[in-house]
Amino acid sequence: MEKIIDESKQGEQLNTIHKKGNSRKLFIESYGCQMNFADSEVVASILAQDGFNTTDKLEEADLVLVNTCSIRDKAEQTIRKRLQKYNAVKRDINPNMKVGVLGCMAERLKEKFLEEEKIVDLVVGPDAYKDLPNLIADVEDGRSAVNVLLSKEETYADISPVRLQSNGVTAFVSITRGCDNMCTFCVVPFTRGRERSRDTQSILSEITDLISKGYKEVTLLGQNVDSYLWYGGGLKKDFKNASEMQKTTAVDFAKLLDMVALANPKLRIRFSTSNPQDMSLEVIRTMAMHKNICKHLHLPVQSGSNRILKKMNRQHTREEYMELTDTIYQIIPGIALSQDMIIGFPTETEEDHQDTLDLIKHVQYDYGFMFSYSERPGTLAGRKLDDDVPFETKKRRLQEVIDVQRTIGHEQLKKHLGKTEEVLIEKTSKKSDAHWAGRNTQSNMIVFPKEHYKIGDFVNVKINDCTTATFLGEAVGHSDNN
Ligand code: SAH
Ligand code: F3S
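Going by our numbering, the first residue of the sequence shown is number 21, and it counts up by one from there.
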């Protein structure tokens with residue numbers, strides 16, 4: 021009898037050793053913002069150390085992780101539907117697979133997730149990914165596991181991300197985490213915690229490594245990149261107590277951009293997201309100074325009405341915002357601007373709505389992300405303000421905003437027709453195997469015949485035509501950036 025138990029234990033042990041020998045399969049997918057996609061690459065790296073290889077087949081995964089988004093109710097519903105799919109796969113094909121949820125929804129729902137979705141074994145918030153190997157061990161021992169502790173320091177600066185589904189040309193590099201702005205509609209400060217910046221040297225060495233592997237473009241990521249400040253660690257609000265030495269050697273976002281741009285003049289640099297209230301003239305001047313910093317700014321505004329901006333706790337007026345965009349156009353002619361807009365925030369009137377339409381017309385954005393207000397539990401607006409704009413009104417106003425933006429965006433696109441612009445080839449066009457797809461500096465997608473060019477080439481492309489969001493062109497030769 022004893023022997024049998026021993027043997028079974030031995031089997032277990034062998035199994036674990038075998039698993040550690042790089043045989044466990046991880047299926048990981050991400051929803052929501054670019055930050056989630058970047059975080060999943062950090063997670064894949066942490067788990068690679070723990071013996072997991074990634075797979076793109078759900079059916080063969082030992083562990084399924086989904087990096088979730090809570091920004092709107094619809095985003096959460098999408099995840100719940102996806103969990104049903106995992107459930108079906110587990111029931112019919114892969115009974116041993118374990119399922120974990122990461123990211124904002126994990127942080128928001130915490131232990132409740134385990135009760136609400138029986139398929140879930142593991143709940144891990146955005147600052148707890150280094151604990152994953154321990155949590156997974158718990159799950160393998162038959163216990164469910166939760167870690168949703170938020171941190172004031174964690175930036176994963178020491179983790180070298182495993183690039184997932186990479187084209188080998190463009191990569192994300194996180195530079196800040198969390199957000200301190202407390203816009204009243206937004207769940208992010210609750211799910212991603214306090215804002216903190218990553219060590220400048222670790223950013224630069226990640227970028228140097230990417231360059232050595234042949235990458236041609238990086239996007240610096242954060243909820244609020246313009247607020248970047250590295251002075252040796254610590255929260256931004258504590259900077260006032262920093263030593264003189266720390267103060268003189270501190271790196272703000274403009275300085276960081278400058279350093280990254282100088283690291284390799286051929287590397288393209290993008291960044292997202294900017295918050296208008298933290299955007300400095302220095303940043304705009306730095307963008308103008310370096311050819312390799314792309315001429316596109318995503319500058320969410322959320323509303324064109326001062327009354328609504330105030331209720332949203334955005335720290336600027338519509339006039340200040342328009343002054344900022346005027347200045348940007350002056351310093352960087354030809355730059356593309358894009359926006360995020362929330363339609364139907366509590367108490368929004370027709371007059372507020374007209375102000376939003378007016379602002380879009382004034383700024384002349386290239387494109388935008390426009391959504392109806394979605395009340396988020398726990399936020400100030402969720403607790404204090406009635407979601408009182410009727411669904412039909414929200415829907416109509418949203419359509420009006422989308423229509424105005426679409427017309428203006430199309431006018432902006434038409435300005436490129438007939439011009440020859442530098443494009444970095446990223447991938448084969450979704451619609452045709454015979455065409456490449458890549459972006460110009462403004463971030464417009466351009467599609468053109470492949471000829472002898474290859475992925476990662478910088479090519480001058482003459483723009484002949486445009487659809488709603490994409491240009492069609494023809495290559496006229498390599499650019500001098502190769
Ligand atoms: N840091 C960015 C925003 C990050 S959240 C900034 O500075 O604005 C991404 C976008 O989601 C926001 O810009 C906003 O337009 C949208 N969003 C956030 N909360 C929302 C809500 N409750 N309802 C609808 N859209 C929301
Ligand atoms: Fe959200 Fe406002 Fe921060 S939109 S991410 S709280 S800047």
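Don't be surprised by glycine CBs; every beta carbon is placed ideally from N, CA and C.
{"Check": "Under 8 Å, with one C-beta from each stretch per pair, do the stretch 485-492 and the stretch 297-305 reach the 3-pair mark?", "Outcome": "no"}
{"Check": "Given 7 Å as the limit, tell me if Val208 has its C-beta closer than that to any heavy atom belonging to ligand 1.", "Outcome": "yes"}
{"Check": "Cβ atoms of Thr74 and Ile113: under 8 Å apart, would you say?", "Outcome": "no"}
{"Check": "How many Å lie between Ser222 and Gly254 at the Cα?", "Outcome": "16 Å"}
{"Check": "Tell me the residue span of the beta strand (DSSP E) that contains His382.", "Outcome": "First-last for His382: 370-383, but that is the alpha helix (DSSP H), not the beta strand (DSSP E)."}
{"Check": "Between Tyr393 and ligand 1, is the CB less than 7 Å from at least one heavy atom?", "Outcome": "yes"}
{"Check": "Tell me whether Arg111 sits in a helix, a strand or coil according to DSSP, three-state version.", "Outcome": "helix"}
{"Check": "Cβ atoms of Val496 and Val443: under 8 Å apart, would you say?", "Outcome": "no"}
{"Check": "Count the other CB atoms, across all protein chains shown, that sit within 10 Å of the CB of Pro115; report buried if there are 16 or more and exposed otherwise.", "Outcome": "exposed"}
{"Check": "Whole beta strand (DSSP E) runs in the stretch 149-206 with 3 or more residues, listed along the chain?", "Outcome": "165-167, 190-194"}
{"Check": "Considering only heavy atoms of ligand 2, does any lie closer than 7 Å to the CB of Cys203?", "Outcome": "yes"}
{"Check": "Within 10 angstroms of its Cβ, does Met117 collect 16 or more other Cβ (buried), or is it exposed?", "Outcome": "buried"}
{"Check": "Rounded C-beta distance between Glu61 and Leu184? I'm assuming under 8 Å.", "Outcome": "5 Å"}
{"Check": "For Val245, does the three-state DSSP call read helix, strand or coil?", "Outcome": "helix"}
{"Check": "Does Ala58 come out as helix, strand or coil in the three-state DSSP assignment?", "Outcome": "helix"}
{"Check": "To test your reading of the DSSP string, which unbroken alpha helix (DSSP H) runs of 4 or more residues are found completely within the stretch 293-372?", "Outcome": "301-309, 326-331, 338-351"}
{"Check": "Looking only at C-alpha atoms, which of Tyr235, Leu249, Lys233 sits nearest to Arg216?", "Outcome": "Leu249"}
{"Check": "Would you kindly work out how many angstroms separate the C-alpha atoms of His436 and Ile475, rounded to a whole number?", "Outcome": "23 Å"}
{"Check": "Nearest to Ser323 by alpha carbon, out of Thr376, Ile304, Thr196, Glu420?", "Outcome": "Thr376"}
{"Check": "Rank Glu173, Pro320, Asn460 by C-alpha distance to the C-alpha of Leu379 and give the top, closest one.", "Outcome": "Pro320"}
{"Check": "My output table needs one value for Lys39: the three-state DSSP class, helix, strand or coil.", "Outcome": "The predicted position of Lys39 is uncertain, since its pLDDT is 44 and thus under 50; no value can be drawn from it."}
{"Check": "Is Cys206 near Thr369, with beta carbons less than 8 Å apart?", "Outcome": "no"}
{"Check": "Quick one: which unbroken beta strand (DSSP E) runs of 3-plus residues sit fully inside the stretch 382-442? Chain order, please.", "Outcome": "387-392"}
{"Check": "I'd like to check one pair, Val143 with Lys130: are the Cβ atoms closer than 8 Å?", "Outcome": "yes"}
{"Check": "Measure how close the beta-carbons of His373 and Arg426 come, nearest whole angstrom, since I'm counting them as under 8 Å.", "Outcome": "No, His373 and Arg426 are not in contact; Cβ-Cβ is about 17 Å, not under 8 Å."}
{"Check": "Going by C-alpha to C-alpha distance, which of Ala283, Arg305, Cys314 sits closest to Ser292?", "Outcome": "Cys314"}
{"Check": "Report the option in His318, Gln97, Ile304, Pro469 whose CA atom is closest to the CA atom of Tyr387.", "Outcome": "His318"}
{"Check": "Could you please give the first and the last residue of the uninterrupted alpha helix (DSSP H) stretch that includes Val140?", "Outcome": "Taken as a continuous stretch (DSSP letters only), Val140 belongs to no alpha helix (DSSP H), as it is neither H nor E."}
{"Check": "With 16 other CB atoms within 10 Å as the buried threshold, where does Asn56 fall?", "Outcome": "buried"}
{"Check": "Tell me whether the stretch 342-349 and the stretch 441-457 touch, counting them as touching only if at least three CB pairs, one residue from each stretch, are closer than 8 Å.", "Outcome": "no"}
{"Check": "Please list the terminal residues of the continuous alpha helix (DSSP H) segment that includes Leu227.", "Outcome": "Here the sequence assigns Ile to residue 227, which means Leu is not the residue at that position. Its alpha helix (DSSP H) spans residues 220-232."}
{"Check": "Under three-state DSSP, which class holds Gly123?", "Outcome": "helix"}
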